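First comes the structure, then the notes that go with it.
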Amino acid sequence: MSASGGFTPDSGATPASAATPASTKAQRVLACVLCQHRKIKCDRNTPCSNCVKGNVRCTPSTPAPARKRRRPNQDLQERLARCEELLKSYASAASGETPGGNLTNPSDPAFIGNTAFAEPSAWPPAGKVVVEDGSTRYVDSVVWTSIHDELAEMRKIIDSDEFEDHSTVASEAVTPEDDASDLLLGDYASLSICDTYPEPVHAFRLWQIFLERVNPLVKVIHAPSVQPHIVEAASGTWNVPPNYKPLLFAIFNMGVFSLNDSECRQMLGMSRESALKKFSAGVRAALMEAHFMSTYDLCILQALVLYLVSLQGRRDKHAAWILSGVCVRIAQKMGLHRDGESLNLAPFETEMRRRLWWNLVMHDSALALMSGLSYSVISLHWTTKMPRNLNDAELFPGQTEPIQDREGPTEMGFSLLMCTIWAFIIKWHRDNPGFEAAIIGHDMAAHQSKVGGMADEILAVPSPAGKYNKVVDAFEEELMELRDKYIDPNAGPAHTVAWALPGILMEKMRDTLVPYTERPEYGVEVFTVRDNLFRMGISSLASSGELFDLLESNGFMWHHKLHFQVDLFTALVGQLMHRPTGSLADRAWTGIDIVYRYHQEIYDMTQRQHVTLRAFVIRAWKGRAKALAEQGLPVTVPVCVQELTKTFPGGRIPDSATPSSMKAQSPAAGGMGQDRGVNKWLPTTSGAGAPTLDGLGTGDIAFGGVLDMGPMDWDMFADSMSQEQGGLSSLGYPTIGTNIGNPW
Numbered sequence: 001m002s003a004s005g006g007f008t009p010d011s012g013a014t015p016a017s018a019a020t021p022a023s024t025k026a027q028r029v030l031a032c033v034l035c036q037h038r039k040i041k042c043d044r045n046t047p048c049s050n051c052v053k054g055n056v057r058c059t060p061s062t063p064a065p066a067r068k069r070r071r072p073n074q075d076l077q078e079r080l081a082r083c084e085e086l087l088k089s090y091a092s093a094a095s096g097e098t099p100g101g102n103l104t105n106p107s108d109p110a111f112i113g114n115t116a117f118a119e120p121s122a123w124p125p126a127g128k129v130v131v132e133d134g135s136t137r138y139v140d141s142v143v144w145t146s147i148h149d150e151l152a153e154m155r156k157i158i159d160s161d162e163f164e165d166h167s168t169v170a171s172e173a174v175t176p177e178d179d180a181s182d183l184l185l186g187d188y189a190s191l192s193i194c195d196t197y198p199e200p201v202h203a204f205r206l207w208q209i210f211l212e213r214v215n216p217l218v219k220v221i222h223a224p225s226v227q228p229h230i231v232e233a234a235s236g237t238w239n240v241p242p243n244y245k246p247l248l249f250a251i252f253n254m255g256v257f258s259l260n261d262s263e264c265r266q267m268l269g270m271s272r273e274s275a276l277k278k279f280s281a282g283v284r285a286a287l288m289e290a291h292f293m294s295t296y297d298l299c300i301l302q303a304l305v306l307y308l309v310s311l312q313g314r315r316d317k318h319a320a321w322i323l324s325g326v327c328v329r330i331a332q333k334m335g336l337h338r339d340g341e342s343l344n345l346a347p348f349e350t351e352m353r354r355r356l357w358w359n360l361v362m363h364d365s366a367l368a369l370m371s372g373l374s375y376s377v378i379s380l381h382w383t384t385k386m387p388r389n390l391n392d393a394e395l396f397p398g399q400t401e402p403i404q405d406r407e408g409p410t411e412m413g414f415s416l417l418m419c420t421i422w423a424f425i426i427k428w429h430r431d432n433p434g435f436e437a438a439i440i441g442h443d444m445a446a447h448q449s450k451v452g453g454m455a456d457e458i459l460a461v462p463s464p465a466g467k468y469n470k471v472v473d474a475f476e477e478e479l480m481e482l483r484d485k486y487i488d489p490n491a492g493p494a495h496t497v498a499w500a501l502p503g504i505l506m507e508k509m510r511d512t513l514v515p516y517t518e519r520p521e522y523g524v525e526v527f528t529v530r531d532n533l534f535r536m537g538i539s540s541l542a543s544s545g546e547l548f549d550l551l552e553s554n555g556f557m558w559h560h561k562l563h564f565q566v567d568l569f570t571a572l573v574g575q576l577m578h579r580p581t582g583s584l585a586d587r588a589w590t591g592i593d594i595v596y597r598y599h600q601e602i603y604d605m606t607q608r609q610h611v612t613l614r615a616f617v618i619r620a621w622k623g624r625a626k627a628l629a630e631q632g633l634p635v636t637v638p639v640c641v642q643e644l645t646k647t648f649p650g651g652r653i654p655d656s657a658t659p660s661s662m663k664a665q666s667p668a669a670g671g672m673g674q675d676r677g678v679n680k681w682l683p684t685t686s687g688a689g690a691p692t693l694d695g696l697g698t699g700d701i702a703f704g705g706v707l708d709m710g711p712m713d714w715d716m717f718a719d720s721m722s723q724e725q726g727g728l729s730s731l732g733y734p735t736i737g738t739n740i741g742n743p744w
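Per UniProt numbering, the very first residue in the sequence shown carries number 1; after that it's consecutive.
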């Protein structure tokens, strides 16, 4: 046959046989429609026997369309693959290897990015605020920033898909048992929060006290937003959102904290200590209910900050700093260290985040100083701008228009002043690490040997004035410009205090820059670094009266007491056991009387540290009285010694060795030698009569840790002074016994 396409045996197969076996396989015969409906057995003939018997039409069944086999979600698979690629690339980068070899060149950008201390240009990193499951958190990890959007989209796919087993999407909520709150605040499961509710009338009164005494200095809340919840709580129902409940208790607690005992008894009918215990328990219980360690909410963080402020001066200062670190970590988790504008947040939220972050920076830095550190370690990397000069009434939730500073004085005046001061301190410490040692005249590099365990032979270093005066001049200009722009001494108590602070601070800084070898006491009572430190402490004590009066008359004395350090005050008093007479001793006893006058709590002998302080005061006074009597000088018993004598059994000092020539000092005089009706730091209509005080300018009274001195090893506690602890903790000025430590 021709090869024109006809079939031959060698062709191997016919076109039909070339088809797939499935096409030639006999189709399965299904039961007819009637048999299927009646659910009886069908013989699958056409027609079937059942239909023949019933004399009905037999209709064959048609097979159901083949179910489309579910393919794995292609989008999900692609995103998973993308995440795997990102993780692999990050793992390769973390290994420190590149195709060119190891990263050993410090100039290599990749090397800089993988070091612990990157260049400033490498910061800030990319980051974002994530709102998820009712909490706000911040991520700036390279991995999480890269894959978060991918993971979020994957979660949406899973949530929207019709899985038969919906339990595959596990809840990420943290149970109360998993919450770490009890590690910090204790177990308060047995405490009923209802037992800590204030009476309705008390709630309003404490809110008013908070607005008058606390809010002007600690600007962390938006009063118009909080007040409706105060009204709701005062109605007796306490039907407030869970995140506001801790904040309300913290406000009531701070209101009590700003009262003295007599005010508290008159207002609440209970002692200040009892009221603090009650409302502190309410704060803790509310924080526990809110699971503050796993719920990242601005109101909860505000409550925690206010609660920690109320602990200052009442609890261990080191523990307070550690607890402050919890606040800082929560704030960083929420991204408060990044400015809200860069994160595209709403203007209102941006402003409230700024206020809270800056208060945290100042608060934590002050606690770091109190704990013996030079300054806060959180101050290294953050971009949050200073708050705006605005009244609360000019802010409201849902604001969309950009916010601009208001001209003239506002509620933020005091806070802006403190933010400016702390910004300078942080930069000062970073740029001038040797300033403290230079100021006190301690050239640590040149004096490694000690004589008799004590650095008695200390050579004076060159005056730091030439190096630092220009910086101080620029800072003074900035402060005064801010004061003239935003502060009005007639705009309220907070502005009255804020007006006085720049002058006080600058005089103290100028005084600090004068070498101790150029002072009148040098060669007479000041010979060594230790002598100079004692002189600086005395200067702060003896000149505190005016500032204490200013704070007390404006309702802000509570602010000073936040960081009163009994141990440092005790150390200063202990020095007087070895310095019974002299001009420094005279000024010291004046200052001690001032401290006891404004810190009535240290007369409480139920506290061990107060008993120790009393022992040092009495012993130092006995030595002074004896020395004065031997010199034939009049001996006037200080008011504090008279009052401390009453705390002994029988109202007398055991083994008294006081000379018969002693006479009691009038409490009215107080040993101050000051006209309490005039304050030279405030503007007056007449310049006549303004008192001048030797060494005035303690700044520390109202500046908190700005002019704080770290703990020192005085010779009453040890035979030598540690070089590492001998420096000043901030701008080089001591505030032994008088520092407030609270920066805002």
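We put the beta carbon where it would ideally sit given N, CA and C, even for glycine.
Bear in mind that the values here come from a model prediction, so they are computed numbers and not experimental data.
Inset, instruction - Using beta-carbon positions only, say whether V641 and W621 come within less than 8 Å of one another. - result: Closer than 8 Å, so yes.
Legend entry - Separation of W207 from I230, as counted between CA atoms: 8 Å
Legend entry - Endpoints, the beta strand (DSSP E) within which V637 is located: Here the beta strand (DSSP E) through V637 covers 635-637.
Legend entry - Boundaries (first-last residue) of the alpha helix (DSSP H) holding C419: Per DSSP, C419 belongs to the alpha helix (DSSP H) from 413-431.
Legend entry - Residue environment, T46, which counts as buried when at least 16 other CB atoms sit within 10 Å: exposed
Legend entry - Cβ neighbour criterion (16 or more within 10 Å) applied to H578: exposed
Legend entry - Presumed contact (8 Å Cβ cut-off) between P387 and A491, rounded CB distance: Not a contact, Cβ separation roughly 17 Å.
Legend entry - Local conformation of V526 per DSSP, three classes: strand
Legend entry - Element boundaries [alpha helix (DSSP H), containing R355]: 347-370
Legend entry - Residue nearest to I487 in terms of C-alpha spacing, selected from N532, H563, L247, S415: S415
Legend entry - Cutoff 6 Å; reference Y596; Cβ partners in own chain excluding five residues on either side: C640
Legend entry - Where V514 falls: helix, strand or coil (DSSP): coil
Legend entry - Through-space distance from A81 to residue 814, alpha-carbon basis: This structure leaves residue 814 out entirely; the chain is present only between 1 and 744.
Inset, instruction - Leaving out five residues on either side along the sequence, give the residues of the same chain with a beta carbon under 7 Å from the beta carbon of D43. - result: S49
Legend entry - Backbone secondary structure at V283 - three-state DSSP: helix
Legend entry - Residues bridged to V201 [DSSP beta-bridge criterion]: Per DSSP, none; premise fails for V201.
Inset, instruction - Figure out for me which residue from H37, R67, P65 has the closest Cα to the Cα of T59. - result: H37
Legend entry - Among V328, I504, V283, nearest to L311 - alpha-carbon criterion: Among V328, I504, V283, the Cα nearest to that of L311 is on V283.
Inset, instruction - May I ask you to report which of helix, strand or coil DSSP gives V240? - result: coil
Legend entry - Distance CB(N253)-CB(L276) smaller than 8 Å: Result yes, Cβ atoms of N253 and L276 sit closer than 8 Å.
Legend entry - CB-CB length for M267 against R205, believed under 8 Å: 6 Å
Inset, instruction - Within its chain, find whatever has a CB closer than 8 Å to the CB of residue 748; leave out the 5 residues flanking it on each side and keep chain order. - result: The chain is shown from 1 up to 744; residue 748 falls before or after that span and cannot be answered.
Legend entry - With 16 other Cβ atoms within 10 Å as the buried cut-off, status of N243: buried
Inset, instruction - Return the CA-CA distance between V471 and I425, expressed in angstroms with no decimal places. - result: 12 Å
Legend entry - Spatial neighbours of C327 in its chain, beta-carbon cut-off 7 Å, leaving aside the 5 residues before and after: L301, L304, V305, L308, L360
Legend entry - CB contact flag (D392, A223, <8 Å): Cβ distance < 8 Å, so D392 and A223 count as in contact.
Inset, instruction - For H291, count neighbouring C-beta atoms within 10 Å of its own C-beta (all shown protein chains included) and say buried if the count is 16 or more, exposed if not. - result: buried
Inset, instruction - Report yes if the C-beta distance between N554 and P493 is below 8 Å; otherwise report no. - result: yes
Inset, instruction - Could you tell me which of P63, N389, W589, L501 sits nearest to L550, measuring between CA atoms? - result: Closest by alpha carbon: L501.
Inset, instruction - To the nearest angstrom, report how far apart D473 and N239 are at their CA atoms. - result: 54 Å
Legend entry - Rounded separation between H610 and H599 - CA only: Looking at the two C-alpha atoms, the distance is approximately 11 Å.
Legend entry - Per-residue DSSP class, three states only, for V56: Residue state, collapsed to three classes: coil.
Legend entry - Limits of the alpha helix (DSSP H) - the one that S310 falls within: 298-311
Legend entry - Burial state of I251, where buried means 16 or more other Cβ atoms lie within 10 Å: buried
Inset, instruction - Check whether the Cβ atoms of R587 and I538 lie closer than 8 Å to each other. - result: Their beta carbons are under 8 Å apart, which means R587 touches I538 by this criterion.
Legend entry - Euclidean distance between Cα positions of R614 and W589: Roughly 14 Å between the two C-alpha positions.
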